[in-house]
Amino acid sequence: MPNLVRDVMTADPATVSPRTTLLEAARLMREADIGEVPVVEGRRLVGILTDRDLVVRGIAPDLDVHEVPVSRVCSTDVVSVAPDDPLEQAVAQMRDRAVRRLPVVDDNAVVGVITIGDLAMAKEPGSLLAEISNAVPNV
1443 MPNLVRDVMT
1453 ADPATVSPRT
1463 TLLEAARLMR
1473 EADIGEVPVV
1483 EGRRLVGILT
1493 DRDLVVRGIA
1503 PDLDVHEVPV
1513 SRVCSTDVVS
1523 VAPDDPLEQA
1533 VAQMRDRAVR
1543 RLPVVDDNAV
1553 VGVITIGDLA
1563 MAKEPGSLLA
1573 EISNAVPNV
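If you count the sequence shown from 1, you need to add 1442 to reach my numbering.
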């Protein structure tokens, strides 16, 4: 059974720069079938952009998705975990911060992402959440 973040994380995640437009980020998320994307300068984590950020902070207030950079709507107070952290630490971070996804950072560089679905599949493979997380997307 996996015990460390590195055992269940998605390595080398898609990322965007703070200057990426909302539209470019949304298209990347659609193409990669992801609900969040780390915002990085170089490989250093500076924020996180979720599909909810795009809708609530970008589209709903009628920002110009062709021009507005993700830095205007992403969260910058981001919690992360390291690849060698125990899975229980990722669970605690998600619970304490009420988030479903965490960037995985090693030596100040984003090296992965771990989601609540990843944790469900690792810890409770027969659970309803694991089954949903493992389902083929209906894009």
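From the three backbone atoms N, C-alpha and C, an ideal C-beta is built for every residue, glycine too.
- Note that the C-beta distance between isoleucine 1490 and valine 1520 is below 7 angstroms.
- In its chain, beyond the 5 residues on either side, Gly1489, Ile1490, Leu1491, Thr1492, Asp1495 have a beta carbon closer than 8 angstroms to the beta carbon of serine 1517.
- Going by DSSP, leucine 1491 is part of the beta strand (DSSP E) stretching over 1486–1492.
- As computed with DSSP, glycine 1554 is found in a beta bridge with Ala1453, Val1546.
- Counting the other CB atoms within 10 Å of its CB gives arginine 1486 a total below 16, which places it among the exposed residues.
- Shortest Cα-Cα distance from valine 1497 to any of Val1541, Asp1449, Pro1528, Met1471 involves Met1471.
- Three or more pairs of CB atoms, one per stretch, sit closer than 8 angstroms, so the segment 1501–1508 contacts the segment 1451–1466.
- Proximity to threonine 1557 across Pro1444, Val1546, Gly1500 peaks at Val1546, based on C-alpha coordinates.
- The alpha-carbon separation between methionine 1536 and proline 1528 amounts to approximately 13 angstroms.
- In the structure shown, the three-state DSSP call for glutamate 1478 is strand.
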